[in-house]
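A.B. asks:
Protein chains: 2
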Amino acid sequence: MKPKTADIVKDAIRELDYHPNFLGRTLRRLETMKILVLAPTISNQFYSRIIKGIQSVAEEEGYHIMLAVTNARRDAELEYIEMLQRKLVDGIIFLHSTLSAEELSEFAASWPMVLANEIVKDAEIPLVTIDNQKAAYEATRFLIDNGHRTVALASAGDLYYSSTLRRQGYIDALSESGIPYDPNLVTNEGFSFNAGRRSAEQIMQWSKLPDAVFAVADSVAIGMTSVFHQNGIEVGKDISIIGFDNNQIAEYYIPSITTVSQPQLDIGQKAMELLMNKLEDLSCENRHIVLPHRIEIRTSVKLSKSET
Amino acid sequence: MKPKTADIVKDAIRELDYHPNFLGRTLRRLETMKILVLAPTISNQFYSRIIKGIQSVAEEEGYHIMLAVTNARRDAELEYIEMLQRKLVDGIIFLHSTLSAEELSEFAASWPMVLANEIVKDAEIPLVTIDNQKAAYEATRFLIDNGHRTVALASAGDLYYSSTLRRQGYIDALSESGIPYDPNLVTNEGFSFNAGRRSAEQIMQWSKLPDAVFAVADSVAIGMTSVFHQNGIEVGKDISIIGFDNNQIAEYYIPSITTVSQPQLDIGQKAMELLMNKLEDLSCENRHIVLPHRIEIRTSVKLSKSET
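Chains as they are written, first to last, in our numbering: chain B, 1 to 308; chain C, 309 to 616.
1. Indicate whether A424 of chain C and M66 of chain B have their beta-carbon atoms separated by less than 9 Å.
2. At what residue ranges does the region 150–197 of chain B contain a whole run of the alpha helix (DSSP H), taking only runs of 4 or more?
3. Roughly how many whole angstroms lie between the Cα atoms of I438 of chain C and I50 of chain B?
4. Output needed in chain order: residues of the region 365–378 of chain C with a Cβ under 8 Å from some Cβ in chain B.
5. How about Q510 of chain C: is its C-beta nearer than 9 Å to some C-beta of chain B?
6. Would T495 of chain C count as contacting chain B if we go by Cβ distances under 9 Å?
7. Give the residues from the region 548–574 of chain C that approach chain B closer than 9 Å (Cβ to any Cβ), ordered along the chain.
8. Among the candidates B:E189, B:F228, B:I35, B:F94, whose CA atom is the shortest distance from the CA of P563 of chain C?
9. Could you give the distance in angstroms between the alpha-carbon of N454 of chain C and the alpha-carbon of S548 of chain C?
10. What three-state label does DSSP hand V327 of chain B in the structure shown?
11. With 16 as the cutoff for other CB atoms within 10 Å, does K610 of chain C come out buried or exposed?
12. If the cut is a Cβ gap below 7 Å, which residues of chain B does H537 of chain C touch?
13. Please confirm whether G531 of chain C has its beta-carbon closer than 9 Å to some beta-carbon of chain B.
14. Name the chain B residues that come within less than 9 Å of D501 of chain C, Cβ to Cβ?
15. Using a Cβ-Cβ cut-off of 6 Å (strictly less than) and excluding sequence neighbours within five positions of S608 of chain C, which residues of its own chain qualify?
16. S408 of chain C: which of C:Y468, C:L517, C:P600, C:K578 sits nearest, CA to CA?
17. Quick one, which residues of the region 275–287 of chain B are near chain C if we go by CB-CB under 8 Å, in chain order?
18. Compare the beta carbon distance of N44 of chain B and F191 of chain B with 9 Å and say whether it is the shorter of the two.
19. What residues from chain B crowd round I359 of chain C, counting only those whose CB sits closer than 8 Å?
20. Just mark D490 of chain C as buried or exposed, buried being the case when its beta carbon has 16 or more other beta carbons within 10 Å.
21. Using only the alpha-carbon positions, how far apart do A416 of chain C and M272 of chain B sit?
22. Report the partner residues of K342 of chain C according to the DSSP bridge assignment.
23. Give the secondary structure of M421 of chain C by DSSP, where H, G and I count as helix, E and B as strand, and everything else as coil.
24. To which residues does DSSP link V428 of chain C through a beta bridge?
25. Short of 8 Å in beta carbon distance, which residues of its chain neighbour G399 of chain C, apart from the five on each side in sequence? Order them along the chain.
26. Let me know the secondary structure DSSP gives E604 of chain C once reduced to three states.
27. If you measure beta-carbon to beta-carbon, which residues of the region 78–108 of chain B are closer than 7 Å to chain C?
28. Shortest alpha-carbon distance to L38 of chain B belongs to which of B:S283, B:I289, B:L95, B:S199?
29. Please classify M204 of chain B: is it buried, with 16 or more other beta-carbons within 10 angstroms of its beta-carbon, or exposed?
30. On a CA-only basis, which of B:R197, B:F142, B:E103, B:S155 is nearest S304 of chain B? Give me that one, please.
31. For a contact defined as C-beta to C-beta under 8 Å, what are the partners of A384 of chain C on chain B?
32. Out of B:L174, B:E103, B:S219, B:D245, state which residue places its alpha-carbon closest to the alpha-carbon of I315 of chain B.
33. Measuring only the C-alpha atoms, how far is Q428 of chain C from S405 of chain C?
34. Return the residues of the region 131–150 of chain B that lie within a Cβ-Cβ distance of less than 8 Å from chain C, sorted by chain order.
35. Just to confirm, is the Cβ distance from N132 of chain B to S177 of chain B under 9 Å?
36. So is S199 of chain B in contact with chain C if we call contact Cβ pairs under 9 Å?
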């Protein structure tokens, strides 16, 4: 820029009442040192642990994290993506996306983006996830292997892709054990405490209580347990429930909740690492990381005598 | 701006590879339609309910919310305030601040800001809070009025101003009832589940179990209850615990937690309304709103026979 032009720009800026630091710094280098994390909700403690993981890596690298809650709405998501396009942030980590694989792939080709937790099938974008289908298969197998024959599913329907995969894993385990899949044993209320409460209320209307329930989230397992308890049904004795996520409250609930443990901090850390790679070189390969899960045995599932 | 100057600015901008929408829109009107919410942590469900309240009003007004977690660090807080000064966001709602009253007053004189939840004494800034001291007084009175004589306090020390006020309310209630304040009956572990667990472990070392505990947060009450349960001490029978906040989990925990209910959604809504006033007219008065609390009676506190 020639000196004269620079002066005129500066005058124009002054006239427009711009904060000088803002333009000064942004003109010098087009980095904001800010990362945007998009989450569909933050009422679930699950998300705050992932965000903690993101933050731990971001801080080491001098980045600040900002979180936006999309409520899984496409218009909100696009509005936040525009912030990246306007260079108000340097990159985005999606903990969930409403966009199609094609749309995400196109955005990710031009801007630093990473998908973590809730994936979008076939999107060409770096991603971090667990194997939801396999984890759900193992959770259901765990119930069956402990002698539970009628196993219900407290599902979130197809609200997120992970719920679809978890239902598939549940069906896989039944099928492998020669138990026919019965859609009447499935509730579709969502991921919250209240979703769990509604599921338990439905189940209590059934002609017979199932032996066990695979709940697609700890919040659902806890909501169910509280309703069963209020109705004199003791979880871990009269009925077994396995959850998913391993939130802190699953450990501290009474009874403590047997659950599929997701490596929440690790999901966040790896997501931020993948984003760092993209910030350094947008053309680097789109790595897909699948992190390990494990069954955390506590007291909400009654174990058969052979087990232990 | 003269046409010629405008052209030169545009050329300079093009040369600098600015995204045109960004400058175009920002030059037209200096509004971003983004509000920044600063929270010290989001691991507590309490914050997510306040944020939900903020969001409900913001959405009606066409604003998007971004959340930043400061971990109660001053440098992080100042970094985010700079975003407002650079006009990357239109306003800030602090759910906690590390700044002094003088600093906050000075910032708030120049920029649209509101303090909600955790207040800073004497700051000249719009604020929304509950009467923490009175609420703690009532919680402690509730325990005493139900026949509990040795009442411990599971505190967070002076971590936040609210914890200081809650301890003062606890002392007020003891004093009014002629019970001497005994610092040996106070733990200072913080606001988390694990803080509650550590508090319970300490209390079990005491020569005699107290009749009741006032815990400064539901998370603390729940952490304590889980440890007591593991050690065969039944909360609501062998010992009473009252919490603070009325998070959803307090209702769904077993036993359900008697607690001081804070109007979390309302705190968020009012905070956003006060911010809207400042966005329209920065010189409008700094309103201080104190919202009502109430005791939510559940099963973690044993009631004396006269009660009921």
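For glycine and all other residues, C-beta sits at the position ideal for the given N, C-alpha and C.
C.D. replies: So, to answer that:
1. no
2. 161–176
3. 31 Å
4. H372, I373, M374, L375, A376, V377
5. no
6. no
7. Q556, I557, E559, Y560, Y561, I562, P563, S564
8. B:F228
9. 10 Å
10. Residue 327 of chain B is absent from the model: chain B starts at 1 and stops at 308.
11. buried
12. I254
13. yes
14. Looking at the sequence shown, residue 501 of chain C is not Asp but Phe. Ordered by position in chain B, the residues that pass the 9 Å Cβ test against F501 of chain C are Q248, I249, E251, Y252.
15. V543, G544, I549, P563, I565, T566
16. C:Y468
17. none
18. yes
19. I42, V69
20. exposed
21. 34 Å
22. C:H372
23. strand
24. In DSSP, V428 of chain C forms no bridge with anything.
25. I343, L344, L392, W419, P420, M421, V422, L583, K586, L587
26. strand
27. E79, Q85, R86, K87, L88
28. B:L95
29. exposed
30. B:F142
31. H64
32. No answer is possible for residue 315 of chain B: the residues shown for chain B start at 1 and end at 308.
33. Reading the sequence as shown, one finds Val at residue 428 of chain C and not Gln. Distance between the alpha carbons of V428 of chain C and S405 of chain C is about 7 Å.
34. none
35. no
36. no
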